[in-house]
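Peer 1:
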Amino acid sequence: MCLDQSSWDCLQKDTEALPPSFPEAPQVFWVQEQPKTPSPEDKSICCRASGHLRKVHCANGHTFRSKRFSKHANCAVCSDPTGGFGCKAYKCMHCKILVHKKCHALVRVPCKHHTLHDECTMPINQVSMALDPKQEVVSPNPKSHVGMQAIDDENETNTGEENGRPLCSSALKDFDFLRVLGRGSYGKVLLARHKTTDHLYAMKVVRKDDENLIRLQVEKQILEKSLNHPYLVGLHSCIETPTRFFFILDYISGGDLTYHLQQFGIFPKAHVRFYSGEISLAIKFLHEHEILHRDLKLENLLLDVDGHIKITDYNLCKAGLKAGEKTNTFCGTLSYLAPEIIRGESYGFSVDWWNLGTVMFEMMVGEPPYPFADSPKNSDLNTYKVLQSMLEREVNIPHHLSVEARSILKGLLKKEPEVRLGCHPQRGFIDIKEHPFFNNLDWNMMGKQQVPPPFKTSIGTEFRIENFDPEFTNEPVQLTPDDSYFMNNALLDFGFWLTKLLFMIRLNDEAISFYQVCKHIPFVAWRHIPDFFIYYTGK
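Here the sequence shown is numbered in UniProt numbering, starting from 1 and rising by one per residue.
#1: Between which two residues does the beta strand (DSSP E) holding Y259 run?
#2: Measure the alpha-carbon distance for S350 versus G366 and round it to whole angstroms.
#3: Exposed or buried, what is G324 when buried is set at 16 or more other beta-carbons lying within 10 Å of its beta-carbon?
#4: Pull the bridge partners of R183 from the DSSP assignment, please.
#5: What is the rounded straight-line gap between the Cα of K415 and the Cα of R294?
#6: If you draw a straight line from the C-alpha of H57 to the C-alpha of S280, how long is it?
#7: Roughly how many angstroms lie between the CA atoms of H104 and A59, to the nearest whole one?
#8: For F472, which residues of its own chain have a beta-carbon under 7 Å away from its beta-carbon, when the five flanking residues on both sides are left out?
#9: Just tell me which of I342, S389, K297 and G320 has its CA closest to the CA of F361.
#10: Classify E240 as helix, strand or coil using the three-state DSSP reduction.
#11: For A171, which residues in the same chain have their Cβ closer than 6 Å to its Cβ, ignoring the five residues on either side in sequence?
#12: If you check the beta carbons only, do S407 and F438 fall under 8 Å apart?
#13: Specify the secondary structure class of C92 as computed by DSSP and reduced to three states.
#14: Using the rule of at least 16 other Cβ atoms within 10 Å of the residue's Cβ for burial, across every protein chain shown, is H400 buried or exposed?
#15: I need the DSSP call for V206, collapsed to helix, strand or coil.
#16: Out of curiosity, what's the CA-to-CA distance linking S276 and L356?
#17: Are the region 341-350 and the region 239-251 touching, with three or more C-beta to C-beta distances below 8 Å?
#18: Which runs of the alpha helix (DSSP H), 4 residues or longer, sit entirely within the region 334-368?
#19: For G234, tell me which candidate among Y336, K456, L302 and V77 has the shortest Cα-Cα distance.
#20: For L227, which residues of its own chain have a beta-carbon under 8 Å away from its beta-carbon, when the five flanking residues on both sides are left out?
#21: Taking the alpha-carbon positions, what's the L391 to P368 distance?
#22: Between the region 284-291 and the region 327-340, are three or more C-beta pairs nearer than 8 Å?
#23: Pick helix, strand or coil for N328, following the three-state DSSP scheme.
#24: Count the C-beta pairs between the region 189-209 and the region 250-265 that are closer than 8 Å, then say yes if the count reaches three, no if not.
#25: Please name the residue or residues paired with I291 in a DSSP beta bridge.
#26: Hey, H308 and P417: beta-carbon distance below 8 Å or not?
#27: How about A338 and M364: do their beta carbons lie closer than 8 Å?
#28: I'd like the span of the beta strand (DSSP E) that includes I309, first residue to last.
#29: For L257, which residues in the same chain have their Cβ closer than 6 Å to its Cβ, ignoring the five residues on either side in sequence?
#30: Run through DSSP, which three-state label would L97 get?
#31: Would F468 and Y259 qualify as a contact pair, given that the criterion is a beta-carbon distance under 8 Å?
#32: Tell me the rounded alpha-carbon separation between V272 and H62.
#33: Here's a check: name, in chain order, each residue in its chain whose Cβ is nearer than 8 Å to the Cβ of F372, leaving out the five neighbours to either side.
#34: Where does F274 sit, in a helix, a strand or coil, going by DSSP?
#35: Considering L301, what are the terminal residues of the beta strand (DSSP E) in which it resides?
#36: Helix, strand or coil: which one does DSSP assign to D176?
Have a look at this one:
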């Protein structure tokens, strides 16, 4: 819905005249704004072009705009801080009141009854702001991350400075960068040591031209939820600079399962049972918290110093997916794609159980059930043939595996998600726990991380890098020079560019863009940004 100026003036008069009671439902409008000249009293950022559309949310006389804060400003309803990277808040255009997105419909006081400054650090009377005066007021969360500069409006790109100060770049000076631990489509993972505490951390460095803001926000939220689970990598803190995002994560020094599988060839049955049990519990936790991982593979399964599993890399996760709901984004890693994704169907949590089956098959056999050839000759044609075989050919499970192992692989690798193991709408995870492959496994002790691991990684050197690929650890520790174009247009132009692609994947030294995986649709070469994963857009 688009309103002209006269209609918008009438709308404002109507909303300001509303009584101080909760309306039936907050309304959302797309307002066409005209460019204006900024004044010293007006700190808002002007529209970049005439006719720019901004979404406003009308509730109880307030006209809210989306705003992302990182300073210590409190929500006027629940009093929790609105700050922190990825925390979206709403600010009224008139009275400047600040509330969370989830709280804006609960504001009881009409517009212009309160006037709050952007940098207010003290909450107002929560009882007067609540819909119900008897409503319980939630205390502020002491673990919320604060301290970064405010980023005004959802459609504006941060320039990296506010009031002449660099955006949190000084926090990077607290760390020494020691080694490169890995590299992928997202950027690099560095081993960093805090200068004051001498603690070691894994620092994931993401250039703003390699990720869009929404995906990073989702990843940070999932990292924060993962803090309370023993088999998920958690977030220590995060830093934003004008050109990069830095996720400071727990340092898991045991290496990934790809590295260890290369040393073993194949894992013994006891190893597979132990690792897949811990992975299953982590998947169950993610699904209970409405998170679909979508990229479970050996490279994203780490071992800690004691030999326990840690799942990492939430780059392709889908958050907010409730039981029974589905999404349709085409994304993942080719060897691990579930058939329903390849067919272009909507899918739910079933794809994570397919990925678990692929991981278990790889641990038992030494290669994925549908391996891709590394030959550069006709690589696009070979890729298409493998994808077709994943839809048409049944998995060839070796006969030397035990009956229980063959049974669970067949159950997890069923092509129809309705009959796949772990996907029953009522039983779900119970079918996994009660499968004969996991006989004699104490799930209660495993949930408490009390089952002894079958293998403990070797730790010898000062930085504990023995379990990482020397190809990475021998690299010089340096950040890629910034591209001035992407520095200035990272969150606008790059995000627009991504919408033109369905997904990309790195094949040899070039990135291939697939517009559709079906017959008679050619693969289009795209050499601009090589990528290890399938890049995705949409939900």
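Glycine is no exception: its CB is placed at the ideal position from the N, C-alpha and C atoms.
Peer 2: Let's see:
#1: For the purposes of this step, residue 259 is taken as residue 259 along the sequence shown, with counting starting at 1. Run containing Y259: none in the beta strand (DSSP E); it sits in the alpha helix (DSSP H), L257 to F264.
#2: Reading the sequence shown from its first residue, position 350 is the one you call residue 350. Reading the sequence shown from its first residue, position 366 is the one you call residue 366. S350 and G366: Cα-Cα distance of roughly 24 Å.
#3: Here residue 324 is taken as the residue at index 324 of the sequence shown, counted from 1. By the neighbour-count rule (16 or more Cβ atoms within 10 Å), G324 is not buried but exposed.
#4: To locate residue 183, count along the sequence shown from 1; it is residue 183. DSSP links R183 through a beta bridge to K188.
#5: Residue 415 sits at position 415 when you count from the first residue of the sequence shown. Residue 294 sits at position 294 when you count from the first residue of the sequence shown. Going by the C-alpha atoms only, they are around 16 Å apart.
#6: In the sequence shown, residue 57 corresponds to position 57, counting from 1. In the sequence shown, residue 280 corresponds to position 280, counting from 1. For H57 and S280, the distance between alpha carbons rounds to 41 Å.
#7: In the sequence shown, residue 104 corresponds to position 104, counting from 1. In the sequence shown, residue 59 corresponds to position 59, counting from 1. A direct Cα-to-Cα measurement between H104 and A59 gives close to 7 Å.
#8: What you label residue 472 is simply residue 472 of the sequence shown in a count that begins at 1. Hits under 7 Å: V180, L181, G182 and R183.
#9: Position 361 of the sequence shown holds residue 361. Ranking I342, S389, K297 and G320 by Cα distance to F361 puts K297 first.
#10: By one-based count along the sequence shown, residue 240 stands at place 240. In this structure, E240 counts as strand in the three-state DSSP scheme.
#11: The sequence position of residue 171 within the sequence shown is 171, counting from 1. Same-chain partners within the cutoff: I239.
#12: Working through the sequence shown from its first residue, we reach residue 407 at position 407. Working through the sequence shown from its first residue, we reach residue 438 at position 438. S407 is not a Cβ neighbour of F438, given a cutoff of 8 Å.
#13: Translated into positions along the sequence shown, residue 92 becomes position 92. Residue state, collapsed to three classes: strand.
#14: Position 400 of the sequence shown, counting from 1, holds the residue named residue 400. Its Cβ having fewer than 16 others within 10 Å, H400 is exposed.
#15: Walking along the sequence shown from the start, residue 206 turns up at place 206. V206 falls in the strand class under three-state DSSP.
#16: The residue you call residue 276 lines up with position 276 of the sequence shown. The residue you call residue 356 lines up with position 356 of the sequence shown. In this model, S276 and L356 are separated by some 7 Å (Cα to Cα).
#17: The region 341-350 is not in contact with the region 239-251.
#18: Runs found: 339-342 and 350-365.
#19: Taking the sequence shown and counting its residues from 1, the one referred to as residue 234 is at position 234. Closest option to G234, Cα to Cα, is L302.
#20: As a working note, residue 227 is residue 227 in the sequence shown. So the list reads G234 and L235, once near-sequence residues are dropped.
#21: Numbered from its first residue, the sequence shown carries residue 391 at position 391. Numbered from its first residue, the sequence shown carries residue 368 at position 368. Their backbone Cα atoms lie some 15 Å apart in a straight line.
#22: Touching, no, given that fewer than three Cβ pairs across the two stretches are closer than 8 Å.
#23: Counting from one through the sequence shown, the residue named residue 328 turns up at place 328. In the structure shown, N328 sits in coil (DSSP, three-state: anything other than H, G, I, E or B).
#24: With contact defined as three or more Cβ pairs closer than 8 Å, the region 189-209 and the region 250-265 are in contact.
#25: For the purposes of this step, residue 291 is taken as the residue at position 291 of the sequence shown. Looking at the DSSP assignment, I291 forms a beta bridge with A319.
#26: Within the sequence shown, residue 308 is the residue found at index 308, counting from 1. Within the sequence shown, residue 417 is the residue found at index 417, counting from 1. The beta carbons of H308 and P417 sit no closer together than 8 Å.
#27: One-based indexing of the sequence shown puts residue 338 at position 338. One-based indexing of the sequence shown puts residue 364 at position 364. Not a contact, by the Cβ cut-off of 8 Å.
#28: One-based indexing of the sequence shown puts residue 309 at position 309. DSSP places I309 in the uninterrupted beta strand (DSSP E) bounded by I309 to I311.
#29: The sequence position of residue 257 within the sequence shown is 257, counting from 1. For L257, the CB contacts under 6 Å within the same chain, skipping 5 residues up- and downstream, are L298 and L301 in chain order.
#30: Translated into positions along the sequence shown, residue 97 becomes position 97. Before going further, note that residue 97 is Ile rather than Leu in the sequence given. In the structure shown, I97 falls within a coil segment according to DSSP collapsed to helix, strand and coil.
#31: Residue 468 sits at position 468 when you count from the first residue of the sequence shown. Residue 259 sits at position 259 when you count from the first residue of the sequence shown. Yes, Cβ-Cβ distance for F468 and Y259 is below 8 Å.
#32: As a working mapping, residue 272 is identified with position 272 in the sequence shown. As a working mapping, residue 62 is identified with position 62 in the sequence shown. Roughly 57 Å between the two C-alpha positions.
#33: Within the sequence shown, residue 372 is the residue found at index 372, counting from 1. Closer than 8 Å at the Cβ level, and outside the excluded window around F372, lie L334, S335, N382, T383 and V386.
#34: Indexing the sequence shown from 1 puts residue 274 at position 274. It is helical.
#35: Numbered from 1 along the sequence shown, position 301 holds the residue referred to as residue 301. Segment L301 to L303, the beta strand (DSSP E) holding L301.
#36: Along the sequence shown, one-based indexing puts residue 176 at 176. Strand at D176.
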